[in-house]
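Per our numbering, the very first residue in the sequence shown carries number 365; after that it's consecutive. From the three backbone atoms N, C-alpha and C, an ideal C-beta is built for every residue, glycine too. For reference, the structure is listed below as structure tokens.
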Amino acid sequence: MLKQRVLTALALAAVVIYGVLALPSNWFGVFCGVAVFIGGMEWTRLLRLDAADRMLWCTTFAVLLCSAVFGSGRFIALLVAGAAVFWLLCAPVWLVRFAAQPQRRDSQHCWAWIGLLVLVGPLAAVTQLHRADGWGPAYVLLLIALVAAADIGAFFVGRRFGRVKLAPTLSPGKTREGAWGALAAAVLTAVVGALWIGLPLVRWPLFLIVCLVTVVVSIAGDLFESMLKRQHGAKDSGQLLPGHGGILDRLDSLAAAAPVFVMGLWLTGC
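As structure tokens, this is what we get:
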């Protein structure tokens with residue numbers, strides 16, 4: 365299983381790096397939009413929406429995806445800010461509530477409309493980040509590297525030292541030690557990224573804070589998708605990616621991290 369996961373991850377990494385570095389921003393947005401659209405289809409399958417609701421949701425989703433890539437700067441900023449606020453303020457409350465009442469089930473329509481925000485907001489964030497003057501694509505790669513490094517750090521540290529469960533009712537395999545491993549990996553990645561981009565030393569403290577908050581939120585994003593799957597009796601969102609599950613299983617952490625990272629960069633001027 366580990367070998368299959370690694371091979372799939374390497375193939376995905378090659379495709380993503382090519383997309384980030386070789387494609388113009390609009391085409392990069394389309395490239396990401398296709399992946400997000402597939403993730404959205406997995407979301408609706410988890411919810412088991414009826415035909416009419418699914419058609420309405422998919423139509424709205426497609427319009428918002430196009431707007432996230434080609435819309436006005438003000439609308440894109442609104443999408444990014446809305447998603448960032450959700451992950452920073454609303455998602456933690458939802459996770460704590462479910463951890464306390466794991467038998468609770470939220471309505472399908474609630475999950476459906478939340479899905480629009482948590483999937484469209486990240487697309488707007490990464491597309492806008494890619495458009496940034498100078499180091500835009502580099503910041504996109506840094507964001508992806510942060511999430512990937514945190515995932516790897518959590519996996520290996522948790523496997524070696526994991527004792528205390530992080531959220532047993534949400535994801536029994538995750539440990540607090542693994543979370544610390546994720547943060548340590550994130551700090552190392554952020555330092556390398558700051559050196560690569562040539563960030564002035566005076567901005568390093570704020571930049572490291574942004575990166576750490578981003579990784580904490582990425583962990584929350586992983587737990588949030590676990591909550592979605594638990595409420596709907598699913599182990600994975602799909603089987604498209606060998607060893608990983610569905611597209612949504614790979615986008616969960618990044619979807620949470622992207623709007624928070626971009627908002628952090630906007631607010632701190634990093």
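A straight-line Cα-Cα distance of about 46 Å links A548 and A415. Judged by DSSP in its simplified three-state form, P623 adopts helix. Under the three-state reduction of DSSP, P501 is assigned to helix. Under DSSP, no beta-bridge partner is assigned to S389. Annotated as proximal: G585 and A619, with beta-carbon spacing under 8 Å. DSSP lists T539 as the beta-bridge partner residues of K529. Following the DSSP letters along the chain, one finds P486 inside the alpha helix (DSSP H) bounded by residues Q472 to R495. The DSSP-derived three-state label of G403 is helix. Counting only residues of its own chain and dropping the five nearest sequence neighbours on each side, F525 has a CB closer than 6 Å to the CB of E541. Counting of Cβ neighbours within 10 angstroms places Q467 among the exposed residues, the total staying below 16. Distances from the alpha-carbon of L428 to those of D470, N390, L559 and L487 put L487 closest. In summary, M591 is buried, with 16 or more beta-carbon neighbours lying within 10 Å of its beta-carbon over all protein chains present. Linking Q492 to S582 through their CA atoms gives a straight-line distance of about 19 Å. Distance from the CA atom of Q368 to the CA atom of L374, rounded to whole angstroms, is 10 Å.
With fewer than 16 other CB atoms across the displayed protein chains lying within 10 angstroms of its CB, V556 is exposed.
Taking all protein chains shown into account, R614 has 16 or more neighbouring C-beta atoms within 10 Å of its C-beta and is therefore buried. Here the stretch 505-516 makes contact with the stretch 567-582; the two share three or more CB pairs at distances below 8 Å. Proximity of the stretch 493-504 to the stretch 381-393 meets the contact definition, three or more beta-carbon pairs being nearer than 8 Å. Beta-bridge partners of G610 (DSSP): none assigned. Contact check for R594 against L534 passes: the beta carbons are separated by less than 8 Å. Within the stretch 429-469, the complete alpha helix (DSSP H) segments of 4 residues or longer fall at 437-449 and 455-464, listed in chain order. Around the Cβ of C634, a 10 Å sphere holds 16 or more other Cβ atoms; the residue is buried. For the options D515, V433 and A455, the alpha carbon positioned closest to that of V400 is the one of V433. With contacts defined by Cβ atoms closer than 8 Å, A543 and L572 do not form a contacting pair. Inter-residue distance for S389 and Q465 is about 43 Å (C-alpha atoms, whole angstroms). If you ignore the 5 residues before and after I516, its C-beta comes within less than 8 Å of the C-beta of A549, all in its own chain and listed in chain order. In this chain, the alpha helix (DSSP H) harbouring C575 covers W568 to Q595. Counting only the Cα atoms, L420 lies some 13 Å from M405.
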